Every structure is written in structure tokens, then in C-alpha cells.
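Read through the structure below, which is laid out as C-alpha cells, and then see the notes.
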Amino acid sequence: MFSFELQAICGQARAGVLQTPHGPLPTPVFAPVGTQATVKAVEPRELSELGATLVLSNTYHLYLRPGDDLISNLGGLHQFMGWHGPMLTDSGGFQVFSLGALRQIDNDGVTFRSHLDGSTHRFTPEKSIQIQHHLGADIIMCFDECPPPLDRAVVEAATARTHAWATRCLEEHLRSGNLEQQALFGIVQGGIFPDLRAESAQILTALDLPGYAIGGLAVGETKPQMLATLDQTVPLLPSNKPRYLMGVGSPEDLVNGVSRGIDIFDCVLPTRVARNGSALTRHGRLNMRNLQYATDSAPIEDGCTCYACTNFSRAYVRHLVKAGEILAHQLLSLHNLHVLLTLMREMRAAIIDGTLPAYVDEFLASYRPAGQKAQAPR
RNA sequence: CCCGGGGUCGCCAAGAGGCCUAAGGCAGGGGACUGUAACUCCCCUAUUCGCAGGUUCGAAUCCUGCCCCUGGGA
Numbered sequence: 003m004f005s006f007e008l009q010a011i012c013g014q015a016r017a018g019v020l021q022t023p024h025g026p027l028p029t030p031v032f033a034p035v036g037t038q039a040t041v042k043a044v045e046p047r048e049l050s051e052l053g054a055t056l057v058l059s060n061t062y063h064l065y066l067r068p069g070d071d072l073i074s075n076l077g078g079l080h081q082f083m084g085w086h087g088p089m090l091t092d093s094g095g096f097q098v099f100s101l102g103a104l105r106q107i108d109n110d111g112v113t114f115r116s117h118l119d120g121s122t123h124r125f126t127p128e129k130s131i132q133i134q135h136h137l138g139a140d141i142i143m144c145f146d147e148c149p150p151p152l153d154r155a156v157v158e159a160a161t162a163r164t165h166a167w168a169t170r171c172l173e174e175h176l177r178s179g180n181l182e183q184q185a186l187f188g189i190v191q192g193g194i195f196p197d198l199r200a201e202s203a204q205i206l207t208a209l210d211l212p213g214y215a216i217g218g219l220a221v222g223e224t225k226p227q228m229l230a231t232l233d234q235t236v237p238l239l240p241s242n243k244p245r246y247l248m249g250v251g252s253p254e255d256l257v258n259g260v261s262r263g264i265d266i267f268d269c270v271l272p273t274r275v276a277r278n279g280s281a282l283t284r285h286g287r288l289n290m291r292n293l294q295y296a297t298d299s300a301p302i303e304d305g306c307t308c309y310a311c312t313n314f315s316r317a318y319v320r321h322l323v324k325a326g327e328i329l330a331h332q333l334l335s336l337h338n339l340h341v342l343l344t345l346m347r348e349m350r351a352a353i354i355d356g357t358l359p360a361y362v363d364e365f366l367a368s369y370r371p372a373g374q375k376a377q378a379p380r
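In short: position in the first sequence from 1, add 2, done, that's the numbering used here.
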């Protein structure tokens, strides 16, 4: 279980397959985020139809509500949410820091207040692993501290803590005897500081975990800083194990990540942005509220084969968005996930064909990142 | 016809002589969103207060006339 086999390598990029208890997971792969045991506005059936293979869910949220023991008693997270493919749970570290009010960090763990009712809770590395055992995802994550990436002193302290916690996570995981059901991934921290990243990678790889994540990116640094950190950090991770870039990303981030040797991504962006009325396309982002789409009979994205694009006009989608209709969330989430999942499939094929560099060049040449207005080709 | 009430941004609505080149909300226009606190956040949107005069150093605010809504009575 959890063997990782590389099928092809193209530059730094790899195409592989990770074996999980819920089936083989071809990489590179993008995982839609289902924080509260649901990918918002998307049915598991639709996820399958979109070709999603890995779904991320969340320790912090499910611990607070409905409770990890409840989920465990009902047969685990797969059964509970009706997703029967590979699944990954985040450790709760990121959420404790981004959501939990009045958090107090010490070397043993974190005390925080629930964002739901203000009640006080405490996560330790052991607790996070125990919760993740209850949930039962195929891939579970070490409890880490995700600091703002630019403040060296803060990053240094957080990285040291993350290392100590990783050891405790592994010990707790070993104690559980769950090694055949769940793979525990480590998380490299270090912000944008090469020496801290190197130290982090070295300490964590020594634990010989079945996979490694790069954490602490896309949280405030610039794109060039993120790419430089990837360029520097990825080669320090074992090449025979999956590499996971946490919380990323946008279409261009996926392309840049895959070409730098990342195997797994997750991101709320496609579904969150969908709920706020934006469409991702392979040329850039479209704000579907814009007046220019009011009478536009073209699909969201020309040539797209998703359900939203093959059945509805921009004018209709804009109407749904403006009217605050739930279907707007559904159609845009579907489309945005389709764009990213298709992108990943195409890149995987290009790696196997050995044509990834050309694919990447072509993609980036016609892509305008958010902030620069995308063309809306007719 | 008589007696009241009212006319401030597309809609609702503060304001009652100088702080009004007029609050706020909605709608509208634009932007944001990267290990998710879905339906959020940020920016923009009336030199003008029914119309015309007048009083005043100064009027959306006071006075006069007219127009238009609205309640009651003939």
C-alpha cells in the first residue's frame, strides 16, 4: 500500500501513480477541497464525472462539527460523505492559525477558540493524528505551524516547532497501527528562506515518511518568491515519493508547480471564486457579473466540454450570479474544477509524451493572471 | 372644491438656516478571493434637494406661487 511508482519524467516533472486503499491515484493531481466533508456546491457524483480522483477534507472543521468520533461511528469519512475514492485530510494546523481566535501556541500544541461558538479547544500533534485516524482519509498530514513566510524570526520558530511536532505525529501514527490504511505526509516549512527550507527538508526526510508536502506558500509572498522557493526546495525532497504543494492553486500555479516536480495540489480557489461569481479559463479569469456578459450567448469558455459550457450561455450564468441563485455556484464550481482537472490530465499526458515544456510555454503565453483583465474571446 | 401629509440619486431614506459640493441601505458599475468561517470583502455611483421666485452674509431646510403624489371631507 502507498507505493509510488513513476511512469515518466520530463524535466523536473513526473507522472506517477500512488496506490491507496481507495484505489490508484495518478499524479500529478489536483484535489478539490471539501472542507466540511463536502466540496461546496458539487455532488460526489459530479466530482467523479469531472474526473476528480482525490478530495481534501479538514480535521479542524470536522472535529468541531459534527465531531470526528461521530464520523468514525458512522463508518468513517468516505462512507459519511459518499466519496469512495482517495481522500486526504489536512491536519488542522493551518486552520488553527487562520481561523481560531485567541490561539496560544506553545511547544506542546495550540490552544484556540472555535470559530463556531467560541469554545476553547486544544490541538497537539497527537490529537491531530487521532482525529485524522477517526476520519480515515488515505493521506493524513502532520500537524504543523504555517507562519507568514516573510518574517524570518517567526518562520524560524514555526519551522522548528513543525519539526518537533512531525516526530510526535509519526510516533502517534506508529502507535495507532494504521500504517496500511493511512499514509502520513510531512510538511516542509521555512518561508522564503532557502537555508530554512533546506534544513526543514533534511530533518523531515530523515523521518522517511511516505510523502512530503511543501507548506507555507501562497500565503503572502510574491509569485517570483514562491517559484524560487519551489525551484530550491523540490530537489531536496525524495524523488521516489509524492510531493505535495499545499493550498495551491491557480491555473498558472499548477502549470508552474507541475513543471517544477510537484505531484499533488489542493486549493479552494476554483470553488471559492465560483461562489463569488468568477470563472477560471485557460486564458484567465472572467468575472461573470460583468455587464459585458449580459447578452452574451457564448458559453463561459469557448470549446469547453463541461456541463455548464455545453448547456448554458454567459448571459444565463450572469443572470444566475446576479440573482444570487444556487445554480450559479454549482455551474461555476463545476466549470472551474473542470478547467483545473483537465489541465492536470493534459499535463500528465504531456509528461508521458515528453512534450510538457512546449505545453507549458504555450499555456503561459496565452494566460493572463488575475489582476490583468482576461480576454473574453467570442 | 375644502382640510391635512408629502415631494432629497433607479428604489427606500437621513437631514429641519451655516458642520450638506447632502448620511445610510438596496439596486447598479468595477475589483479581490490560493492547506475554505459559501451567499463575503474592497472601491465607485446626487456641485444637488418637484419647479419658479423671494427673505438672508448664507436655504434641501424659512416665505410666496405653481406642479405632482397621498389621507380625510364634500
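Backbone N, C-alpha and C fix where the C-beta goes; we use that ideal spot for every residue, glycine too. Note that the structure is predicted; figures quoted are calculated from it, not measured.
Any non-hydrogen atom of the ligand MN within 7 Å of residue i CB
i    : result
V221 : Looking for the ligand MN in the displayed structure turns up nothing, as the structure carries no ligands at all.
Residue i - containing alpha helix (DSSP H), residue span
i    : result
L271 : 271–277
R199 : 196–207
Y65  : 61–66
E174 : 154–178
Nearest-angstrom Cβ-Cβ length linking residue i and residue j, presumed shorter than 8 Å
i    : j    : result
L56  : G87  : 7 Å
L247 : I216 : 5 Å
Q183 : P46  : Actually they do not touch by this definition, with Cβ atoms about 21 Å apart.
D70  : L64  : 6 Å
H331 : C306 : The pair is not a contact, with the Cβ atoms about 18 Å apart (cut-off 8 Å).
G138 : L79  : 5 Å
T164 : R199 : Not a contact, Cβ separation roughly 12 Å.
Delimiting residues of the beta strand (DSSP E) encompassing residue i
i    : result
P127 : First-last for P127: 127–137, but that is the alpha helix (DSSP H), not the beta strand (DSSP E).
L334 : From DSSP, L334 is part of no beta strand (DSSP E) but of the alpha helix (DSSP H) over 328–355.
D92  : 89–92
L186 : 185–190
V236 : No beta strand (DSSP E) contains V236, which DSSP labels as neither H nor E.
P34  : 31–34
M143 : 141–143
N289 : 286–289
Pairwise C-alpha distance: residue j and residue i
i    : j    : result
E158 : P151 : 10 Å
L288 : L176 : 47 Å
R274 : L211 : 31 Å
G53  : K42  : 17 Å
I133 : G179 : 14 Å
I107 : G222 : 21 Å
K375 : N292 : In this predicted model, K375 has a pLDDT of only 48, less than 50, meaning its place in the structure is not dependable enough to derive any value.
N109 : I11  : 40 Å
K243 : L101 : 31 Å
A300 : L342 : 21 Å
F267 : A325 : 33 Å
R380 : I302 : In this predicted model, R380 has a pLDDT of only 29, less than 50, meaning its place in the structure is not dependable enough to derive any value.
A360 : A208 : 36 Å
Q377 : S335 : In this predicted model, Q377 has a pLDDT of only 42, less than 50, meaning its place in the structure is not dependable enough to derive any value.
P253 : R16  : 18 Å
D355 : Q9   : 11 Å
R262 : S121 : 42 Å
S59  : M143 : 11 Å
F83  : F195 : Note that residue 83 corresponds to Met in the displayed sequence, not to Phe. The alpha-carbon atoms of M83 and F195 are separated by roughly 39 Å.
T231 : T297 : 44 Å
P28  : G18  : 6 Å
E364 : D119 : 49 Å
L2   : Y214 : An answer regarding residue 2 cannot be provided, because it is not within the stretch 3 to 380 covered by the chain.
E173 : Y295 : 55 Å
T283 : D92  : 27 Å
Buried or exposed by the 16-neighbour rule on C-beta atoms within 10 Å, applied to residue i
i    : result
R67  : exposed
A367 : exposed
S280 : buried
R316 : buried
R124 : exposed
K225 : exposed
D255 : buried
P272 : buried
I328 : exposed
L322 : buried
D304 : exposed
M3   : exposed
Residue from the options with nearest C-alpha to residue i
i    : options                : result
Q227 : S202, V341, L238, N258 : N258
L358 : L345, Y369, L336       : L345
V190 : A168, E174, Q184, E182 : A168
L339 : H24, D265, F32         : F32
P240 : D265, S261, L229, G249 : D265
Q97  : P149, D140, L79        : P149
A155 : G192, C311, G188, E201 : G192
A39  : S50, D233, W85, H136   : W85
S50  : H135, L206, M89        : M89
G94  : P30, C171, Q21         : C171
Y62  : G25, H80, Q81, I131    : I131
A310 : V44, S5, G36           : V44
D140 : L181, E147, H165, L198 : L181
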